[in-house]
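Remarks on the structure that follows.
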Amino acid sequence: MDPWNKVLAIIKEQVSPVNYRAWFAKTKAIQINGTITVATTSSFAKQTILVKYLPIVEAAVFEVYRKKIDLEFKVESSLSNLSGKVQEEETVLKMQPSAPIAQTYPSLNPKYTLDNFVVGLSNNMAFAAAQAVAANPGITYNPLFIYGGTGVGKTHLMHGIGNTLIKKDPSLKILYCSSERFMNDLIESIRNKRTNEFRHKYRSLDLLLIDDIQFISGRDSTQEEFFHTFNELQVKNSQIILTSDRPPNDIQKLESRLQSRFQGGLMVDIQMPDFDTRVAILRAKCQERGEVIEESCLTLIAENMPTNARELEGKLIQIIQTAKLGGKNIDQEYINHTIGVQAQPKQAIDQKKVISGVTSYFNLKASDINGPKRNRGFVVPRQIIMFFLYQECKIPFEKIGELLGGRDHTTIMHGVDKIRQAITRDREIQKIIIEIKQKISP
Ligand code: ADP
Ligand code: MG
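Residues 50 to 491 (the numbering used here) are what the sequence shown spells out, left to right.
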């Protein structure tokens with residue numbers, strides 16, 4: 050297959066069919082001297098790709114060529130109709146020597162590391178698990194099963210673990226692929242009578258990363274093969290990491306023996322980023338690109354975009370690029386203009402909901418919280434309430450003290466601090482905080 054078609058196949062998995070057809074389906078590309086020139090159908094298509102899809106294209110190119118390659122975009126209006134000129138273009142393209150592809154499979158993307166993964170309330174459990182696996186692969190948590198909605202950083206975290214491990218030991222055999230690729234590879238190997246090769250390839254790994262395992266749903270022979278791959282890897286303590294958009298018991302038509310395998314290691318979820326994490330992600334992405342944007346502008350974007358990291362990053366890039374093209378300064382007015390909405394105050398979590406959410410989570414009465422009882426069963430829930438009232442509702446320490454039966458503000462400060470520290474260390478607390486947060490969020 051023409052390498053560009055491989056790139057397109059990857060892009061196709063990531064953008065909506067309508068957008069794929071509109072912007073990518075008719076693109077062509079030529080690689081010359083380490084630069085890929087992509088011909089687009091119109092200057093609008095070119096702008097759209099640059100502004101909205103550049104990270105996706107870059108990542109796909111990386112997957113296929115397994116190194117960073119400069120991209121250039123040009124307009125080739127003949128591509129938009131199917132005239133003879135396109136034929137010509139295609140012939141020219143075919144005459145180019147095909148790009149070297151070291152391996153049929155995309156491997157780790159060096160852009161995604163544990164170091165540049167922004168940790169916040171929505172993902173700190175998953176991050177802690179990733180660190181644990183990177184420190185002790187194959188032993189502590191096998192498999193690691195990361196699940197969560199789209200664009201929240203599952204793939205990033207998975208590559209982050211791989212990159213950490215390969216840095217420590219470059220001889221490790223690591224393979225990253227989507228579950229669809231695993232399936233296609235299997236089918237192809239059966240067709241070509243090369244199943245032995247297939248098995249050797251997957252079963253000799255030290256680390257197997259399978260992204261979006263939910264697509265294995267309903268594929269019986271793939272599930273069968275994967276089950277054996279899984280067992281063989283697990284027996285020799287090779288680490289397996291899986292991601293999914295949902296937990297194993299929600300994957301339809303998944304063999305129960307696979308379901309129980311997936312549940313047998315550690316399952317962690319990643320939630321949509323909360324406000325603070327969104328700001329931190331935007332800040333990090335600016336730094337990575339060497340862009341300086343005022344903090345107030347970042348908070349404005351984060352307030353108006355209660356969405357996943359991928360969309361945040363996309364919007365940020367769009368803002369940067371359109372400002373550059375139009376020679377504009379990025380300030381609050383410009384951001385309001387680009388986002389298309391006036392800043393709205395972020396919807397705060399209601400303080401009553403915090404108290405009722407926490408008390409019902411622990412099966413306590415409000416009087417237990419407000420009263421003087423000091424054993425751990427009361428103290429921890431009380432501190433969790435302090436934490437949420439301070440962190441999420443932005444209520445000052447003194448006021449929280451009043452709300453909780455007239456406690457001193459230093460007690461509140463201490464309580465908030467206790468939980469903040471526990472979140473980074475104590476898995477149980479992490480889990481509790483995330484579950485309660487989910488329950489009480491507007
Ligand atoms: P998912 O696999 O969950 O759909 P990805 O891992 O592909 O999401 O993340 C989408 C984009 O957002 C990537 O560019 C990734 O680097 C970025 N991203 C997601 N979460 C974070 C995070 N916590 N810190 C930094 N970047 C993140
Ligand atoms: Mg992903």
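C-beta atoms are modelled at their ideal positions from N, C-alpha and C, and glycine is treated no differently. It should be emphasised that the depicted structure is a prediction, and the values quoted were computed from it without experimental measurement.
The three-state reading of DSSP puts Lys-302 in coil, since its state is none of H, G, I, E or B. An exposed status is given to Phe-93, since fewer than 16 other beta-carbon atoms sit within 10 Å of its beta-carbon. Near ligand 2, meaning a beta-carbon closer than 7 Å to one of its heavy atoms, we find Lys-203, Thr-204, Asp-260, Asp-261, Thr-292. Pro-430 is positioned such that its CB atom lies closer than 7 Å to that of Leu-413. For Glu-121, the secondary structure class from DSSP, reduced to helix, strand or coil, is strand. Ligand 1 never approaches Gly-363 closely enough for any of its heavy atoms to be under 6 Å from the residue's Cβ. In this structure Ala-184 is exposed. Its beta-carbon is surrounded by fewer than 16 other beta-carbon atoms within 10 angstroms. The Cβ-Cβ distance between Gln-272 and Leu-307 falls below 7 Å. Rounded to whole angstroms, the gap between the alpha carbons of Glu-352 and Asp-255 is 42 Å. When the five nearest sequence neighbours on each side are left out, the beta carbons in the same chain lying within less than 8 Å of the beta carbon of Asn-419 are those of Leu-453, Gly-454, in order along the chain.
In the pairwise beta carbon analysis, the segment 162–170 is classified as not touching the segment 184–196: fewer than three pairs are separated by under 8 Å.
The distance from the Cβ of Ile-433 to that of Val-407 is about 5 Å, consistent with a contact at the 8 Å cut-off.
In its chain, beyond the 5 residues on either side, Phe-264, Ile-265, Arg-268, Thr-271 have a beta carbon closer than 8 Å to the beta carbon of Met-232. Here Pro-219 is exposed. Its C-beta has fewer than 16 other C-beta atoms within 10 Å. Following the DSSP letters along the chain, one finds Ala-74 in no beta strand (DSSP E), marked with neither H nor E.
One alpha carbon belongs to Asn-172, the other to Ile-236, and they sit about 35 Å apart. Secondary structure at Tyr-161: coil, using DSSP grouped into helix, strand and coil. Ranked by Cα distance from Gln-370, the options Gln-96, Glu-62, Ile-59 are led by Gln-96. DSSP places Ser-293 within a strand segment (E or B) once states are collapsed to three. Under the DSSP definition of a beta bridge, Ser-227 partners with Asp-260. Thr-199 has its CB nearer than 6 Å to a heavy atom of ligand 1. Arg-327 has its Cβ no nearer than 6 Å to any heavy atom of ligand 1. Judged by the Cβ position, Phe-247 fails to qualify as a neighbour of ligand 1 at the 6 Å threshold, every heavy atom of the ligand being at least this far. With a contact defined as Cβ atoms closer than 8 Å, Ala-88 and Leu-128 qualify at about 6 Å.
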